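Chemist: Chains A and B, in that order, are what the protein sequence lines are. The letter at position 85 of the first sequence is residue 85 when you use the working numbering, and the numbering goes up by one with no holes. The letter at position 38 of the second sequence is residue 492 when you use the working numbering, and the numbering goes up by one with no holes. Where a beta carbon is used, it is the ideal one built from N, C-alpha and C, also for glycine. The model shown is predicted, which means the values in this text are computed figures rather than measured ones. Here it is: the structure, laid out below.
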Amino acid sequence: MKFWIHGLLIAGALIAQDSRETPPQIGTPKPFNVPSGETYQLKNGMRVTLAQYGSVPIVSVRAVLDFGNANESADQVWLADLLAEMMKEGTSTMSAQQVANEAARMGGQLSINARSDTSSASIDVLSEFTPDAVKLIADVLQHPKLPQSELERLRGNLLRQLSVQLATPQAQANQAFAAALYPDHPYGRLYPTEEQLKKYRIDDVQKFYGANVGAQRTHLYLVGRFDPAVKSTIASAFESWVAGPSVRRSPPQNIAKARSIIVDRPGAVQSTLRLGLPIPLNPPDADYIPLAVTDAILGGAFTSRITNNIREDKGYTYSPFSQVATRYRATNWQEAADVTTKYTADSVREILFEVNRLRKDPPDTKELKGVQNYLSGIFVLRNSSNQGIIQQMAFVDLQGLSKDYLKTYVQKVNAVSRSDVQRITETYLDPAKMTLVVVGDKSAIGDSLKPYLK
Amino acid sequence: MTHTARRLAILAALTSSLGALIAAPADGNAFTVPITYYKLPNGLKVSLSRDTTAPLVVIAVYYGIGFRIEPKDRTGFAHLFEHLMFEGSKNLPKGEFDKLIEGNGGVSNGSTRFDFTNYYEVVPSHVLETMLWGEADRMKNLTLTEENLKNQQGVVGNEVKVNVINRPYGGFPWLDMPQYANKNWFNAHNFYGELADIEAATLKDALDFSHTYYAPNNAALALVGDFDEAQAKKWIEKYFSAIPSSKLPARPDLAEPRQQSEQRFTKTDKLASKPALAFAYHMPERNTPDHYAMILLDQILLQGDDSLLHQELVKKRGYTDSVDGGINLLGNQFDYNGPMLWIANLIHDASVKPDQILAAADSVIDSVRDKPVTQEQLNRALVKFRANYYQDLTQFGGLGRANLMACFSLFDDNPSSINNIEKNLRSVTVDSIHKAAQEYLRRGNRTILVVEAGAPAKATPAATGGAR
Chain A
1 MKFWIHGLLI
11 AGALIAQDSR
21 ETPPQIGTPK
31 PFNVPSGETY
41 QLKNGMRVTL
51 AQYGSVPIVS
61 VRAVLDFGNA
71 NESADQVWLA
81 DLLAEMMKEG
91 TSTMSAQQVA
101 NEAARMGGQL
111 SINARSDTSS
121 ASIDVLSEFT
131 PDAVKLIADV
141 LQHPKLPQSE
151 LERLRGNLLR
161 QLSVQLATPQ
171 AQANQAFAAA
181 LYPDHPYGRL
191 YPTEEQLKKY
201 RIDDVQKFYG
211 ANVGAQRTHL
221 YLVGRFDPAV
231 KSTIASAFES
241 WVAGPSVRRS
251 PPQNIAKARS
261 IIVDRPGAVQ
271 STLRLGLPIP
281 LNPPDADYIP
291 LAVTDAILGG
301 AFTSRITNNI
311 REDKGYTYSP
321 FSQVATRYRA
331 TNWQEAADVT
341 TKYTADSVRE
351 ILFEVNRLRK
361 DPPDTKELKG
371 VQNYLSGIFV
381 LRNSSNQGII
391 QQMAFVDLQG
401 LSKDYLKTYV
411 QKVNAVSRSD
421 VQRITETYLD
431 PAKMTLVVVG
441 DKSAIGDSLK
451 PYLK
Chain B
455 MTHTARRLAI
465 LAALTSSLGA
475 LIAAPADGNA
485 FTVPITYYKL
495 PNGLKVSLSR
505 DTTAPLVVIA
515 VYYGIGFRIE
525 PKDRTGFAHL
535 FEHLMFEGSK
545 NLPKGEFDKL
555 IEGNGGVSNG
565 STRFDFTNYY
575 EVVPSHVLET
585 MLWGEADRMK
595 NLTLTEENLK
605 NQQGVVGNEV
615 KVNVINRPYG
625 GFPWLDMPQY
635 ANKNWFNAHN
645 FYGELADIEA
655 ATLKDALDFS
665 HTYYAPNNAA
675 LALVGDFDEA
685 QAKKWIEKYF
695 SAIPSSKLPA
705 RPDLAEPRQQ
715 SEQRFTKTDK
725 LASKPALAFA
735 YHMPERNTPD
745 HYAMILLDQI
755 LLQGDDSLLH
765 QELVKKRGYT
775 DSVDGGINLL
785 GNQFDYNGPM
795 LWIANLIHDA
805 SVKPDQILAA
815 ADSVIDSVRD
825 KPVTQEQLNR
835 ALVKFRANYY
845 QDLTQFGGLG
855 RANLMACFSL
865 FDDNPSSINN
875 IEKNLRSVTV
885 DSIHKAAQEY
895 LRRGNRTILV
905 VEAGAPAKAT
915 PAATGGAR
């Protein structure tokens, strides 16, 4: 019986060569508009955006704060993270436990995070609690207690997280890659040393708060279902806040310079790879969207060339991907993959082969169209949630993009030509200027990487 | 256990949360999800839930075969087979299925869980018919070849390496704890698979498995999103109705014996720089009053900064920065159909001993066993659950809703029971929580896993190389 089934299926596979059905005709796309909402400014300079979206009774309240790790000096790495942790430790009128209970009473969880260009304080709650959620965020931002009593515990947490993260090959690879691309800039300093973390005192945290938090550096977003009358709550909760510091950003120089870095990880069964370079393009530039299309063809989609090559064809790896990593006036392209150790050099060779192939020959129309459709569809998915919409709006604000950026994005994606893709790859993705990071077992890799080392 | 971490990463970055055509009564009562449910003559269970918030549709095909009941000499096989489902079918040779999805603006993935393996697409709504055709094609006409098997053995081997073998705390506690806590092989084996077993799998294994389990009478199809119901039904009939059903083997006995005394295990993680601790309790049977009481106990004890374990272990004692865990770490409180664990886990410094942490944890766990929680605690637990649940029902185009619809079709032949979840939770009382805590949070019902750190305490990678 089983042999018979076997034979039948194999026969079916052979026949398929000739009698393949074609997929049903695709219908016509429905229109989709990103909700734009209403944006206004308070007298103290704080910006507010309100957008109604969805029909489940949930609202996302998020204050995006215009500071982050990029505002740290070389001896302040993760001070922004420590401040974010401290800001959850209560206000002048509420203990940390009261803050946690109040958030939970509304169905939410207060989350405060530091990232490189911006930080945020946010909570998702049942719609009926919208005014209370605004008040809680306002209190936490304006009147944080920043208590000395919690400093040692939170420092201990950061020290533990540092140790745990740096035990992963991915963190080691990211650290080396960032340091190589952005020397002498906060973007190149992903992790502090333990010694550094041990030095921060409570007044360092308080000073960092004073230098970086205030109305002028805050944009409050409410997206979801809520009573528009919440505007008066926003006014009374934030109006008396001081304007505070103005926004300050110091982008790095974006200079591509070939380097190779091997981090030894004895006994590792896989090598963790990063290969890429800074790119002198920013979101307002005309070539930025063509770069995104190029990336999706190379490694940014599951059906992309690099993934197809080193995963689906060769089986060297499970989850390779490339990305255009974009910070404020600093863009880089990178391919990341964890590959079986004995295929380390083969993987690097194949990644470079795919980059070089696209530098020489443009993609065919079908491949390009597929990627344009992919990016257009993902755009809808990305803009069809409260958090997703806030993320897109905050990106437009941070990057200083025009008001119609989100409206014209799909159109611009679809205007990219075959020769654009080839030109972008040739102009910006030069292997001779790329940084290669390998975290893996040096003795097992041996000399195999030699042809690729700079 | 996902087909590709990349695809998951894309979805995570999207955090889509679509509003739903969910009826929202003003009196604060439970929401009602519209559900149409029927079966094709070949046994395929079909559930439909329309939602026009965005022009998207979720197509979810769930097969009633999870890793729990995979062949005993082939650990990891259910998951390996999940990969093979992306390797080509009669009308869509290798790579074409993914191109059809991405090339039409959608994303897809698959995953293998305790009691099902799922495949789904989130696509612009005008692509619905094409995806139904594609899913039917691989249900009916999967192409299995030696070459593709060998390729995916390599990919899956790399998946296990990146997620477990080359990763500090890899498999902790989601893969480890069921193996320690359970006694019945079906619940207690390494379901990601031993590398040797993954390598040993043959094409014949795949053909047998496909023929037995990948049939319409062992599957559920769920659609959520912006579609016309009459039209969708016609397409489903057209593409799925001719697929023959199979003869399904009897379900093995999955029962776990009642645990009488506490178990404790220790493992060393050579890559970990800090010790870790997990503890787990066997759950009551799914869909019973005790199950709903445990769902709220999970909220009270473990979920969020206000939870008792967070307040005790993080805030008061400073033993860790986070206590994680929950019911069913490979899904949620509802999407499984057999014995299950409630697990809590944390990473801590070597200066704190596991018994200190357990004593502190017991002080709050015992408090909910000694006397009932307050009505205020219960109310907060319910609100937290609801806020998360509403988001889950609408995220990723409604994937969370499709997940519950497909699971409840497979397990209970009743996807409409999604509309009983809130009602059942609202009937939980402080007394029923107290009773459930006394039975299920017994010491004797607990398994402890201690992880010793085997890596040097300080990781300072030595970089070599230099600028050209």
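Could you work out which residues of chain A lie near Leu847/B, taking near to mean beta carbons separated by less than 9 Å?
Modeler: Val56
Chemist: Run the CB neighbour count on Pro284/A, radius 10 Å, all protein chains shown included, and call it buried at 16 or more, exposed below.
Modeler: exposed
Chemist: Could you round the C-beta distance between Leu457/A and Met46/A to whole angstroms and report it? I think they count as a contact, below 8 Å.
Modeler: Outside the displayed span of chain A (1 to 454) sits residue 457/A, for which this structure offers no information.
Chemist: What residues from chain A crowd round Pro578/B, counting only those whose CB sits closer than 7 Å?
Modeler: Pro29, Gly377, Val380
Chemist: Short of 9 Å Cβ to Cβ, which residues in the region 509-523 of chain B face chain A?
Modeler: Pro509, Leu510
Chemist: Residues in the region 713-742 of chain B with C-beta within 7 Å of chain D's C-beta atoms, listed in sequence order?
Modeler: Absent here is chain D; the protein component of the structure consists of chains A and B.
Chemist: Which residues, in chain order, does the region 255-274 of chain A contribute to contact with chain B at a C-beta distance below 9 Å?
Modeler: Lys257, Ala258, Arg259, Ser260, Ile261, Ile262, Val263, Asp264, Arg265, Gly267, Ala268, Val269, Gln270, Thr272
Chemist: Kindly indicate which residue of Ala178/A, Tyr316/A, Gln206/A has the alpha-carbon position closest to the one of Ala325/A.
Modeler: Nearest C-alpha to Ala325/A: Ala178/A.
Chemist: Exposed or buried, which one is Val247/A when buried takes at least 16 other CB atoms within 10 Å?
Modeler: exposed
Chemist: Do Asp591/B and Thr303/A have their C-beta atoms closer together than 8 Å?
Modeler: no
Chemist: Please state if the CB of Asp630/B and the CB of Leu903/B are separated by a distance shorter than 8 Å.
Modeler: yes
Chemist: Starting from the Cα of Ser503/B, find the closest Cα among Leu763/B, Pro869/B, Thr584/B and give me that residue.
Modeler: Selected option, being the one with the closest Cα: Pro869/B.
Chemist: Less than 8 Å between CB atoms is the rule here; does Asp630/B satisfy it with respect to chain A?
Modeler: At least 8 Å separates the CB of Asp630/B from every CB of chain A.
Chemist: With a threshold of 6 Å on Cβ separation, who are the neighbours of Ala394/A within its own chain once the five nearest residues in sequence on each side are excluded?
Modeler: Counting only residues of its own chain and dropping the five nearest sequence neighbours on each side, Ala394/A has a CB closer than 6 Å to the CB of Val64.
Chemist: Report the partner residues of His665/B according to the DSSP bridge assignment.
Modeler: According to DSSP, His665/B bridges with nothing at all.
Chemist: Using the beta-carbon count (16 or more within 10 Å), is Ser805/B buried or exposed?
Modeler: exposed
Chemist: If contact is defined by three or more beta carbon pairs under 8 Å, each pair taking one atom from either stretch, is the region 255-265 of chain A in contact with the region 159-168 of chain A?
Modeler: no
Chemist: Output the distance between the C-alpha atoms of Gln41/A and Thr93/A, rounded to the nearest integer angstrom.
Modeler: 27 Å
Chemist: Helix, strand or coil for Lys442/A, going by three-state DSSP, please let me know.
Modeler: helix
Chemist: For Pro23/A, which residues from the same chain have a beta carbon less than 7 Å from its beta carbon, with the 5 sequence-adjacent residues on both sides left out?
Modeler: none
Chemist: If the cut-off is 9 Å on Cβ atoms, which residues from the region 315-336 of chain A count as contacting chain B, listed in chain order?
Modeler: Gly315, Tyr316, Thr317, Tyr318, Ser319, Pro320, Phe321
Chemist: Assuming Glu716/B contacts Gly898/B under a Cβ cut-off of 8 Å, what Cβ separation, rounded to an integer in Å, is found between them?
Modeler: 6 Å
Chemist: Assign Trp639/B to one of two classes, buried (16 or more other C-beta atoms within 10 Å of its C-beta) or exposed (fewer than that).
Modeler: exposed
Chemist: Closer than 8 Å is the cut-off here; do at least three beta carbon pairs connect the region 191-205 of chain A with the region 82-97 of chain A?
Modeler: yes
Chemist: Does DSSP put Ala913/B in a helix, a strand or coil?
Modeler: Note that Ala913/B scores a pLDDT of 43, beneath 50, so its modelled location is shaky; the value from the coordinates is reported in the next line. The answer is coil: DSSP assigns Ala913/B none of H, G, I, E or B.
Chemist: Less than 8 Å between the CB atoms is what I'm expecting for His802/B and Thr828/B, so what's the real figure, rounded?
Modeler: No, His802/B and Thr828/B are not in contact; Cβ-Cβ is about 29 Å, not under 8 Å.
Chemist: Between the C-alpha atoms of Asp481/B and Tyr53/A, what's the straight-line distance to the nearest angstrom?
Modeler: Below a pLDDT of 50, predicted positions are generally treated as unreliable, and Asp481/B, at 40, falls in that range; no measurement from the model is reported.
Chemist: Using a Cβ-Cβ cutoff of 9 Å, what residues of the region 221-234 of chain A are near chain B? List them in chain order.
Modeler: Gly224, Arg225
Chemist: Taking buried to mean at least 16 other C-beta atoms within 10 Å of its own C-beta, is Gly440/A buried or exposed?
Modeler: buried
Chemist: Report yes if the C-beta distance between Ile797/B and Pro627/B is below 8 Å; otherwise report no.
Modeler: yes
Chemist: Since Ala51/A and Gly68/A are thought to touch, with beta carbons under 8 Å apart, how far apart are those beta carbons, to the nearest angstrom?
Modeler: Rounded, the Cβ-Cβ distance is 24 Å, inconsistent with contact.
Chemist: Any beta carbon from chain B within less than 8 Å of Ser92/A's own beta carbon?
Modeler: no
Chemist: Okay, do the region 695-704 of chain B and the region 600-611 of chain B touch, 3+ Cβ pairs below 8 Å being the bar?
Modeler: no
Chemist: Between Ser319/A and Val616/B, how many whole angstroms is the CB-CB distance? I'm expecting something under 8 Å.
Modeler: Cβ-Cβ separation between Ser319/A and Val616/B: approximately 7 Å, consistent with a contact (criterion under 8 Å).
Chemist: Which first and last residues belong to the beta strand (DSSP E) in which Glu38/A is found?
Modeler: 38-41 is the span of the beta strand (DSSP E), which, as asked, contains Glu38/A.
Chemist: Identify, in the order they occur along the chain, each residue of the same chain with its Cβ nearer than 7 Å to the Cβ of Ala747/B, setting aside the five sequence neighbours on each side.
Modeler: Val882, Ser886, Ile887, Ala890
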